[in-house]
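Chemist:
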Amino acid sequence: MTAAAAPAQRIPRRVQLAMFIRLLAVQGSWNYETLLGTGVGFAMEPALRCLPGGRKTPRYREALARESRYFNAHPYLTGIAVGALSRAELEGVDPARIERFRSALASPLGSVGDRLVWASWLPFCSLVALCVFGAGGSALAVVGTFLLLYNAGHFVLRAWGLQIGLSRGLNVAPALANPVFRRGPQVIGSAAALLAGVALPAALQRVAGPGRGLNGGIIVAAVIGIVLLAGLRERAEGWRIALGVLAVFVLYSLLT
Amino acid sequence: MTLLEALPLALLGALLGLDVVSFPQAMIARPIVSSTVAGAFIGHSEAGLLIGVVLELIALDTLPFGASRYPEWGSAGVVGGALFAAQPRGMPGALPASILAALLTASISGSSMVVLRRMIAGRLERSRDRIEDGSRAALVSLHLSGMSLDLLRGGIVTTVAMLVFSPLVRAIVATWGTESSYSRSVVVVVAAMVAGGALWKVFHSVRYVLWFLAGGVLVYAIIAVVR
């Protein structure tokens with residue numbers, strides 16, 4: 393921080409709310425060149441208006457330009473960066489230091505978020521919903537369970553990220569050592585594996601329909617398919633295989 | 226299906242397509258939600274839920290990591306849910322044909338997202354000087370136009386898919402030659418193998434994962450016996 397850095401300005405609640413709402417659309421201009429960069433600038437813009445002199449000053453324009461450059465992170469955790477960078481800009485931190493901070497923060501925010509949200513929380517919530525379906529739940533119960541559970545985690549994570557960024561400024565690194573990030577994927581993964589053992593057969597039983605059930609042939613074919621696909625891992629895309637198998641089956645059923 | 230009949234579904238597909246990446250990523254685009262809501266639009270939410278569950282099992286294979294290319298399930302779920310819910314009850318070909326249409330839509334819609342991202346990069350290139358100069362108007366315009374184009378993209382994909390697949394699925398269902406139990410079994414096996422393979426891909430590094438899985442299956446077996 394520069395020697396002349398001003399004390400942190402308090403960002404009004406309505407500005408924080410505007411930032412939070414804009415963060416929900418942080419990927420609105422996602423592209424292959426700046427990735428999330430312009431979205432970060434868009435989300436920070438209400439805070440930058442709090443700079444002395446408002447939006448008509450060179451300082452505002454320089455900050456907005458700087459914060460709209462290349463950036464990549466998990467969208468739900470981008471709030472940490474947006475909060476921290478907003479505070480840094482308002483405190484008048486040296487632009488070179490802000491640039492270094494942006495570069496250093498992007499990678500951890502991406503990998504931590506991907507492991508916690510996309511590879512843990514989302515499949516876990518899907519499995520809970522499939523469990524409710526397998527137990528005979530109605531459309532409202534299944535969809536309601538999924539959306540409420542998933543978004544409880546989603547919105548809490550986004551709000552926490554913005555608050556932690558605003559309160560800690562460039563000192564957010566310790567927040568990423570939070571036990572939720574370190575141990576969360578392992579714990580959620582264990583729960584998801586346990587749940588998968590219940591949810592998959594229960595949901596498939598209901599899909600098969602009343603009176604049909606999961607007979608020996610279906611179970612054997614499914615297990616062989618799972619073992620084959622599991623062995624292929626990233627070399628095969630399951631949905632493409634599903635597309636191919638169903639296309640052949642539809643063709644067969646039309647010709648017989 | 227006429228253009229007028231497809232319009233409400235197009236609006237739904239546009240909104241749910243927007244959720245995939247642009248706003249608000251609340252997972253209302255996941256097929257278990259989008260297909261069910263589309264089924265409810267047609268007046269048969271339970272049918273929408275059924276196909277939504279099958280598509281959700283398949284969608285477990287595609288998690289939206291960073292810049293990777295993946296199928297777009299928001300619009301696809303709407304198409305699958307609406308097509309299946311619109312078929313007469315008990316038709317054996319309805320589920321496989323509707324799932325196939327949804328998967329094709331997901332693939333095409335995923336490609337349309339790539340085109341959209343390139344379009345946004347093109348617009349960025351044209352307004353680069355103004356954004357580098359700190360122009361708020363240029364930045365907000367780029368961002369809002371990106372979201373508007375995404376909304377439009379989802380609506381167009383849903384409309385075209387409904388207009389193309391609606392008569393096609395109806396024709397397939399009418400001439401279907403495989404009996405009901407086999408048709409449903411193929412769908413169950415495909416969904417099971419994709420979901421199982423996907424979950425293994427995601428959770429294989431979890432400690433004692435096979436024990437947890439076996440424990441879950443045991444719980445299911447006990448519940449099935451007690452019932």
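Chains as they are written, first to last, in my numbering: chain A, 393 to 648; chain B, 226 to 452.
Using N, Cα and C, we set each Cβ at its ideal position, and we do this for glycine too.
Every value quoted in this text rests on a predicted model; they were computed, and no experiment measured them.
Cutting at 7 Å between CB atoms, please list the residues of its own chain near A:Thr449, excluding the five before and the five after it.
Modeler: Contacts found: Leu443.
Chemist: Would you call the CB atoms of B:Gly318 and A:Val642 closer than 9 Å?
Modeler: Yes, Cβ-Cβ distance for B:Gly318 and A:Val642 is below 9 Å.
Chemist: With a cut-off of 8 Å, do at least 3 Cβ pairs link the stretch 289–296 of chain B to the stretch 257–266 of chain B?
Modeler: No contact exists between the stretch 289–296 of chain B and the stretch 257–266 of chain B.
Chemist: Any idea what DSSP makes of A:Asn423, helix, strand or coil?
Modeler: In the structure shown, A:Asn423 sits in a strand (DSSP, three-state: E or B).
Chemist: By the DSSP assignment, the alpha helix (DSSP H) with B:Ala263 in it spans what residues?
Modeler: Here the alpha helix (DSSP H) through B:Ala263 covers 256–267.
Chemist: Going by alpha carbons, who is nearest to B:Val389 out of B:Val451, B:Ala326, B:Ile356, B:Ser352?
Modeler: Answer by Cα proximity: B:Ala326.
Chemist: Comparing C-alpha positions only, which one of A:Leu482, A:Leu427, A:Pro467, A:Val548 sits nearest to A:Ser404?
Modeler: Rather than Ser, the amino acid found at residue 404 of chain A in this sequence is Pro. Of the candidates A:Leu482, A:Leu427, A:Pro467, A:Val548, the one whose C-alpha sits nearest the C-alpha of A:Pro404 is A:Leu482.
Chemist: Based on Cα-Cα distance, which residue from A:Ala527, A:Gly475, A:Ala496, A:Ala565 lies nearest to A:Tyr462?
Modeler: It is A:Ala496 whose Cα lies nearest to the Cα of A:Tyr462.
Chemist: What would DSSP say about B:Phe290, mapped onto helix, strand or coil?
Modeler: In the structure shown, B:Phe290 sits in coil (DSSP, three-state: anything other than H, G, I, E or B).
Chemist: Along the chain, where does the alpha helix (DSSP H) containing A:Cys442 start, and where does it finish?
Modeler: From DSSP, A:Cys442 is part of no alpha helix (DSSP H); its letter is neither H nor E.
Chemist: Determine the chain A residues that contact B:Glu357 at a beta-carbon separation under 9 Å, and present them in chain order.
Modeler: Near B:Glu357 (Cβ distances below 9 Å), the residues of chain A are Ala457, Ser460, Arg461.
Chemist: Do we get a CB-CB distance below 9 Å when we pair B:Gln250 with the residues of chain A?
Modeler: So yes, B:Gln250 belongs to the interface.
Chemist: Identify which residue in A:Gly557, A:Pro593, A:Asn464 has its Cα closest to the Cα of B:Thr438.
Modeler: Position check: residue 438 of chain B holds Leu in this sequence, whereas Thr was assumed. The residue with the shortest Cα to Cα distance from B:Leu438 is A:Pro593.
Chemist: Would you mind reading off the limits of the alpha helix (DSSP H) that contains B:His368?
Modeler: Where B:His368 is concerned, the enclosing alpha helix (DSSP H) stretches over 361–399.
Chemist: At a cut of 8 Å, does the stretch 389–399 of chain B reach the stretch 306–321 of chain B through at least three beta carbon pairs?
Modeler: These segments touch.
Chemist: Around the C-beta of B:Asp375, are 16 or more other C-beta atoms found within 10 angstroms, so that it is buried, or is it exposed?
Modeler: It is buried - the Cβ of B:Asp375 has at least 16 other Cβ atoms within 10 Å.
Chemist: Could you tell me the distance, in whole angstroms, from the CA atom of A:Ala398 to the CA atom of A:Arg414?
Modeler: With a pLDDT of only 48 at A:Ala398, under the threshold of 50, the placement of this residue in the model should not be trusted; the figure read from the coordinates follows. So the alpha carbons of these two residues sit roughly 26 Å apart.
Chemist: Does A:Phe463 come out as helix, strand or coil in the three-state DSSP assignment?
Modeler: If DSSP states are grouped into helix, strand and coil, A:Phe463 belongs with the strands.
Chemist: Are the stretch 471–482 of chain A and the stretch 545–564 of chain A touching, with three or more C-beta to C-beta distances below 8 Å?
Modeler: Contact holds: three or more Cβ-Cβ distances are below 8 Å.
Chemist: Which first and last residues belong to the alpha helix (DSSP H) in which B:Pro321 is found?
Modeler: B:Pro321 -> alpha helix (DSSP H) spans 319–357.
Chemist: Between B:Ser406 and the rest of its own chain, which residues show a CB-CB distance below 8 Å, the 5 nearest in sequence each way excluded?
Modeler: Cβ within range, chain order: n/a, list empty.
Chemist: Quick one: Cα of B:Leu349 to Cα of B:Ser337, how far?
Modeler: Distance between the alpha carbons of B:Leu349 and B:Ser337 is about 18 Å.
Chemist: Quick one: is B:Val262 near chain A, going by C-beta distance under 9 Å?
Modeler: Cβ-Cβ to chain A under 9 Å: yes for B:Val262.
Chemist: Using the beta-carbon of each residue, which ones in chain A are nearer than 9 Å to B:Phe309?
Modeler: None at all; the shortest Cβ gap to chain A is about 12 Å.
Chemist: Rounded to a whole number of angstroms, what is the C-alpha to C-alpha distance between A:Glu425 and B:Arg342?
Modeler: Taking the straight line from one Cα to the other gives about 9 Å.
Chemist: Should B:Asp244 go down as buried or exposed, given a rule of 16 or more other Cβ atoms within 10 Å for buried?
Modeler: Burial call: buried.
Chemist: State the DSSP-derived secondary structure class of B:Phe248, mapped to helix, strand or coil.
Modeler: B:Phe248 falls in the coil class under three-state DSSP.
Chemist: Compare the C-beta of B:Phe437 with all C-beta atoms of chain A and state if any pair is closer than 9 Å.
Modeler: B:Phe437 counts as touching chain A.
Chemist: Can the beta-carbon of B:Ile324 be found less than 9 Å from the beta-carbon of B:Val412?
Modeler: Cβ distance < 9 Å, so B:Ile324 and B:Val412 count as in contact.
Chemist: Using a C-beta cutoff of 9 Å, does A:Ala395 count as contacting chain B?
Modeler: Confidence in A:Ala395 is poor, its pLDDT being 37 and thus under 50, which makes the residue's placement unreliable; the coordinate value appears in the next sentence. Not one chain B Cβ lies under 9 Å of A:Ala395.
Chemist: B:Phe290 CB to nearest chain A CB: under 9 Å?
Modeler: So yes, B:Phe290 belongs to the interface.
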